[in-house]
Amino acid sequence: MAANQGERTRRRLSTEERREQLLSVGARLFSESPYDDVRIEQVAEIAGVSRGLLYHYFPTKRDFFAAVVERESERMLRMTAAVPGTPVREQLAAGLDTYLEYVQAHAHGYRAFHRADAAGDQAVRRVYQRALAAQERQILDALAADPEFGPLAARRPDLHLAVRGWLAFTTAVCLEWLRGAGLPRAEVRDLCARALLGVLVD
Numbered sequence: 142m143a144a145n146q147g148e149r150t151r152r153r154l155s156t157e158e159r160r161e162q163l164l165s166v167g168a169r170l171f172s173e174s175p176y177d178d179v180r181i182e183q184v185a186e187i188a189g190v191s192r193g194l195l196y197h198y199f200p201t202k203r204d205f206f207a208a209v210v211e212r213e214s215e216r217m218l219r220m221t222a223a224v225p226g227t228p229v230r231e232q233l234a235a236g237l238d239t240y241l242e243y244v245q246a247h248a249h250g251y252r253a254f255h256r257a258d259a260a261g262d263q264a265v266r267r268v269y270q271r272a273l274a275a276q277e278r279q280i281l282d283a284l285a286a287d288p289e290f291g292p293l294a295a296r297r298p299d300l301h302l303a304v305r306g307w308l309a310f311t312t313a314v315c316l317e318w319l320r321g322a323g324l325p326r327a328e329v330r331d332l333c334a335r336a337l338l339g340v341l342v343d
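Each residue of the sequence shown is one higher than the last, beginning at 142 in this note's numbering.
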């Protein structure tokens with residue numbers, strides 16, 4: 142009896158560990174299914190917690206989704222972070238490959254994120270705007286530190302707007318690609334790379 146009780150005993154997770162566990166489950170479910178198909182009860186069941194405990198961490202399903210998106214956005218920023226001292230031209234293809242691999246692996250979550258933003262949901266929109274601003278800063282900082290593009294960036298007061306436009310272009314391309322545009326990932330990568338380089342050198 143004692144052995145069976147020991148087997149059923151679970152290590153008590155800290156608040157941060159439990160939150161991370163719930164977000165990990167959410168990231169998987171939102172990557173596999175559209176937003177409307179994911180049920181809070183399903184998240185709680187997989188995590189082995191009550192629905193009430195899940196709502197204690199995230200008051201609504203939308204809050205939960207926004208937290209998942211923010212976590213995934215931060216992970217993407219880390220994955221595509223610039224390597225100091227490496228020219229932007231060398232990093233561009235590798236960074237886009239990583240980004241497109243992420244988009245392909247998390248297709249439902251990626252689409253749901255952008256649909257929610259277009260629908261005007263304020264919680265997700267705030268997450269989206271923060272993620273967009275962080276992506277812009279990451280790209281602009283890399284350009285400013287680059288020997289080739291740094292001097293050009295200093296002379297381009299419109300560069301911030303150009304980079305934001307390129308991010309919107311890349312998002313649109315990715316969404317069409319996920320709809321079945323039929324292009325190999327390498328061709329999508331090269332298309333996006335040429336678009337950014339065109340913005341910089343024109």
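All C-beta atoms, glycine included, are put in the ideal place defined by N, C-alpha and C. Since this is a predicted model, take the numbers as computed values, not measurements.
Mark residue i as exposed unless 16 or more other C-beta atoms lie within 10 angstroms of its C-beta, in which case mark it buried.
i: Gly167; result: buried
i: Gln276; result: buried
i: Gly250; result: buried
i: Ala283; result: buried
i: Thr221; result: buried
i: Thr311; result: buried
i: Ala274; result: exposed
i: Val224; result: exposed
i: Gly193; result: exposed
i: Arg219; result: exposed
i: Gly236; result: buried
Between which two residues does the alpha helix (DSSP H) containing residue i stretch?
i: Ala344; result: Coverage of the chain is limited to positions 142 through 343, which leaves residue 344 absent and any answer about it impossible.
i: Leu337; result: 326-342
i: Ala168; result: 156-173
i: Gly193; result: 192-198
i: Gly306; result: 300-319
i: Val184; result: 181-188
For residue i and residue j, what's the separation of their Cα atoms in angstroms?
i: Gly291; j: Ala285; result: 4 Å
i: Ala322; j: Arg212; result: 28 Å
i: Gly189; j: Glu173; result: 19 Å
i: Arg230; j: Leu170; result: 35 Å
i: Gly147; j: Ser155; result: Note that Gly147 scores 39 on pLDDT, short of 50, meaning its location in the model is unreliable; the coordinates nonetheless yield the value given after this. Answer to the nearest angstrom: the Cα atoms are 20 Å apart.
i: Leu341; j: Arg159; result: 44 Å
i: Ala185; j: Ser191; result: 6 Å
i: Pro298; j: Leu281; result: 12 Å
i: Arg271; j: Pro175; result: 23 Å
i: Arg296; j: Ala313; result: 28 Å
i: Arg326; j: Lys202; result: 33 Å
i: Arg149; j: Ser165; result: Reliability of the predicted coordinates at Arg149 is poor, the pLDDT of 38 falling under 50, and the value obtained from them is presented with this limitation in mind. Their Cα atoms are separated by approximately 23 Å.
i: Glu317; j: Arg267; result: 24 Å
i: Leu300; j: Leu233; result: 17 Å
i: Leu241; j: Leu337; result: 15 Å
i: Met142; j: Arg153; result: Residue placement at Met142 is flagged as unreliable, the pLDDT there being 43, under the threshold of 50; the coordinate-derived value follows with that caveat. Roughly 21 Å between the two C-alpha positions.
i: Asp177; j: Tyr269; result: 19 Å
i: Arg216; j: Thr239; result: 11 Å
i: Pro228; j: Asp204; result: 39 Å
i: Leu293; j: Gly339; result: 13 Å
i: Cys333; j: Arg320; result: 17 Å
i: Pro288; j: Arg278; result: 18 Å
i: His255; j: Arg335; result: 24 Å
- Item | Segments of 4+ residues assigned as alpha helix (DSSP H) that fall wholly inside the region 216-273 | Listed in chain order, the complete alpha helix (DSSP H) runs (minimum 4 residues) inside the region 216-273 are 229-246, 248-259.
- Please determine if the region 299-308 and the region 197-211 are in contact, where contact requires at least 3 C-beta pairs separated by less than 8 Å. As far as the Cβ criterion goes, the region 299-308 does not touch the region 197-211, which means the pair count is below three.
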